[in-house]
Every structure is written in C-alpha cells, then in structure tokens.
Amino acid sequence: MEAQAQQGIFRWLDNFSRVSVCAPVAPEEHVLSSTNWVPVTRLLETGRLAIHPLPWGYHPRQHLREVGKVRTLFRELIPRHQYLHFSNLGWFGAWGRIGAEEARRLRRPYAVWLDWVLHEMPIRHDGNLLKRTWNRVDFELAKRGSLHDIKRARLGLFHGLTVYQSYAPYSSLPKVVHDIHLDEDDILPEEALELRLKSANDRVSILYVGRVHEMKGPRLWLDTIEKVIRTASPGQPRVEAKWYGDGPLIGELRDLVSQRGLSDWISFPGNISARSEVLDICRAADLFVFCHLTPESPRCLIEALMCGLPILGFESAYANALISPYEGGATVPIRDVDALAEVVKKYVSDKDARDNLSRAALHCGKQFSERSVFRHRSELIKQYL
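Right, here's the structure in full:
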C-alpha cells in the first residue's frame, strides 16, 4: 500500500472501531517508481481492518467487464457497515460512484470526499480527432457522474477552501476539511525555528516539493526563479532553488535548467520517499515557492507552514485561507510570473521581513495536525450520518 494511504487508515482506526477499505489494485505498468510502498502487515495486525481489493477499471472495456463484480461486493458490504464514505467519483473505473449508487439503492446515507475539482482539470488535446473527441466525452461524463453523487450525498467533505467553494453549491451539507500526514510532533518547535533564523548564511534556499507535473506549473516556477536570479539587486544573497519530486516533466525541466545556464542555482534532484528526510529539507529551507495551476488543495502548503516555511505563489481560495490567520506567506494572480518574482525577491533581499514571515508561517501551521484533521472528519461523519 502507498505509505501515506496507510498512515491515513491508521488515523481512521483511531476514530472508528472497525474499518473496511475498498481500493483498486494498480497494474505494474501504472505503478510510479517514485511511489513509497509499504507492507500492510502493521495495519492487519490491528485485527480491526478489512481490505477488499478492487479491479482496475479505467478503460471502458475493463470497467464494463468488472463493474458487475464490484457492484455485487458493495451490495454485500453496505448493509454490514454503519457509516459509508466514498471518494474516487467520476466515470470509468471510479468505483466510489458505484458504491454511491448502491448506497442510494439501499436508501443509505453516505459522505463523499474530494481534494481536487475534477471537472476543472485540463483536458488532454493530443492525438487525432477521434481521441480528442473521446477525451471531451470522458471529461463530461466524469463531471456529470461526480456532481450527481455529490448532490445526493448526505454530507460533502471537501479538502480546502478552493475545493469547497467549487462543490458547495451542489452539496446539501458541505464542510471544509483538511488532509495531511504530519502530526503535532512534526511541527517545528519555535526554538528550532529561531536557531534557523539566527544561523549566518549568505544564501537563501528556495524549495518546492511535489510532482513535476503540468498542473503544478513547473515551467512557470522555473521562469520565476530565473527572474529572481537574473534581476538580482546589488547585495542580494545567492539563491539556491530545488524542486524535489518525480513526474512526467522532470526530464524536460532538467534540460531547460541546463539550456538556460542555471545549473549552479536551480536543480530538480528527483524524488525522496523518506518522510524524515523531506521534513529535514523543509525545516532547513527559507522560502517555499509554488505555481499551482489547477483547482486543488495540495498538502505540501500546509506541511511547509508546519515547518515554519513561508509559502509564496499563485493565489487560490485554499492558499489564501491557509496564510490569512497570521499572514504566513503571500500570493499573486495566477500565471503572473513577474509579480511572483518581485515578491520572492523582496523576501530574498530583506532578511528581517523573511524572518518575520517565517514566524508567521509557523503560527499558521500550528493549527493543523494529522490526528486533528482526521478527528474532525470522523466527528462530522458520526454527527451527520
């Protein structure tokens, strides 16, 4: 099982006496090399977890071949469970949609959970006319299916304000929730932050952690950092920027860094799976710069704040809500690279301002922890279902 998914199931077990997990088994060709897999031994040792593997059904032929078996399984499981909670809505292969259908057939209330706005994700435009037409049809069917299930759910759990604002109009009972995998013990102590701020350093470390994927805006991130470096003011500290993570665009971005002669300042080191190592990297950095292009609620922003790392990037309701309590960061209009570069330059050049922003970021991050966000979601499920 993917490591963070396992961590989340442990938190569900903190709040419910027994839990059943239904999830598809990924074929080898769909398994990313950067995924951190862990055995489910510890979970099964609790004696309170049942795992029901589902088939992979994201191709129409696969879906049609397997949907009957999945439907039968849900018809057996739903009557044996007190609370029903579905994600993975949409169309082909979205077995959460089949679960929601069966719950309605049995007149059982259910909750849905989403952490991105499915129907606002970019549509692929590559391939011939037939392929492009199918992509559009698939997109519309996924949108229709997900909104259908959200409208009929007793409870809508939406991660972050961006996702909430998009789906709340369709939900009879929408709630803002969060989803992270750092706990109270992972929040950077104030004393450790002060030690970092006091350490003498002639350079500023800029960081991003996430997939090198179109939706994360890696090209715009590179353009932003390049502007910060090329237009440096006299006396500006040296900038060192690193994007940790793997993804389909990593080769292209590495080539761009080399072609632009930026290898001494910018790098894409690849994926780091050990959570402790990622934490150490975040705690040692100075600024977290992001260029997210799609309506989602990336956990990395909360985790950066928990490490006392100011977040600077493209605005969204989600990002703005995270930093608003103590102004632990700054945002600019989406795709405005010039404006973002100016904000980054300000905090690169002004150490006092950067230090104060770091303290504010930590205060913003202290309101979150893995146990508290899962407890909140669990209490909502128990209250309304």
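Be aware that the sequence shown starts at 1, since it is given in my numbering, and climbs by one per residue.
Using N, Cα and C, we set each Cβ at its ideal position, and we do this for glycine too.
Nearest to residue i (by Cα), restricted to the options the options
i, options, result
"PRO237", "ASP14, ARG132 and VAL228", "VAL228"
"PRO325", "ARG335, GLY365 and ALA353", "GLY365"
"VAL204", "CYS22, THR72 and GLU240", "GLU240"
"PRO24", "LEU13, ALA5, SER34 and PRO189", "ALA5"
"ARG42", "TRP265, MET1 and PRO55", "MET1"
"TYR170", "ARG152, GLY160 and ASP185", "ARG152"
"ARG108", "ILE78, ASP202 and ASP186", "ILE78"
"GLU192", "ARG136, PHE74, ARG104 and MET306", "Here the sequence assigns Ala to residue 192, which means Glu is not the residue at that position. The shortest Cα separation from ALA192 among ARG136, PHE74, ARG104 and MET306 belongs to MET306."
"HIS81", "PRO60, LEU106, HIS59 and ARG61", "LEU106"
"PRO234", "SER369, ASP350, ARG371 and GLY247", "ASP350"
"HIS59", "PHE368, GLU370 and ASP138", "ASP138"
"GLY251", "ALA100, LEU44 and GLU214", "GLU214"
"GLY99", "ARG335, THR72 and LYS131", "THR72"
CB of residue i within 8 angstroms of CB of residue j, strictly
i, j, result
"ALA330", "LEU312", "yes"
"SER20", "ARG48", "no"
"SER297", "THR162", "yes"
"LEU262", "PRO218", "no"
"VAL289", "TRP221", "yes"
"LYS175", "LEU380", "yes"
"VAL112", "ILE150", "yes"
"ASP179", "ARG299", "yes"
"ARG359", "ASP286", "no"
"THR224", "VAL348", "no"
"ASN15", "SER267", "no"
"ILE51", "VAL67", "no"
"HIS292", "LYS216", "yes"
"ARG154", "TYR318", "no"
"ALA142", "GLY90", "yes"
"PRO295", "SER146", "no"
"LEU188", "ARG283", "yes"
"HIS159", "GLN7", "no"
"THR46", "LEU13", "yes"
"LEU54", "VAL70", "yes"
"ALA274", "LEU309", "no"
"LEU197", "VAL177", "no"
"GLN74", "TYR110", "According to the sequence shown, residue 74 is Phe rather than Gln. Contact flag unset, no."
"LEU207", "ILE281", "yes"
Contact set for residue i: own chain, Cβ-Cβ below 6 angstroms, skip 5 residues either direction
i, result
"ALA94", "ASN88"
"PHE374", "ARG11"
"GLY57", "HIS63, GLU66 and GLY93"
"LEU195", "none"
"ALA168", "PRO174"
"TYR83", "ILE381 and LEU385"
"ILE393", "Examination of residue 393 is not possible in this model, given that the chain is present from 1 through 385 alone."
"CYS22", "HIS52 and LEU54"
Beta-carbon contacts of residue i that lie in its chain and below 7 angstroms, excluding the five residues immediately before and after
i, result
"GLY245", "VAL209, GLY210, ARG211, VAL212 and ASN271"
"VAL332", "PHE314, GLU315, ALA339, LEU340 and VAL343"
"ASN320", "THR331"
"ARG61", "none"
Coil, strand or helix - residue i by DSSP
i, result
"THR46", "coil"
"HIS376", "helix"
"ARG107", "coil"
"LEU155", "strand"
"ILE266", "strand"
"LEU305", "helix"
"GLU327", "coil"
"VAL112", "strand"
"LEU357", "helix"
"GLY217", "coil"
"HIS85", "strand"
"PHE314", "strand"
"PRO234", "coil"
"LYS351", "helix"
"PRO174", "strand"
"VAL137", "helix"
"VAL212", "coil"
"VAL344", "helix"
"VAL31", "coil"
Identified DSSP bridge partners for residue i
i, result
"SER205", "GLU240"
"PHE10", "Paired residue(s): none; PHE10 is not in a bridge."
"ILE51", "VAL21"
"LEU287", "ILE206"
"GLU2", "TRP37"
"GLU296", "TRP116"
"VAL70", "None; VAL70 has no bridge partner."
Own chain partners of residue i with C-beta closer than 8 angstroms, once the 5 adjacent residues on each side are dropped
i, result
"LYS386", "The chain is shown from 1 up to 385; residue 386 falls before or after that span and cannot be answered."
"LEU253", "VAL212, PRO218, ARG219, LEU222, TRP243 and PHE268"
"PRO27", "TRP56"
"VAL257", "LEU222, SER263, ILE266, SER267 and PHE268"
"ASP202", "PRO237 and ARG238"
Interface flag, residue i vs chain D, CB-CB below 8 angstroms
i, result
"GLU45", "Going by chain labels, chain D is absent from the structure shown, which holds only one protein chain."
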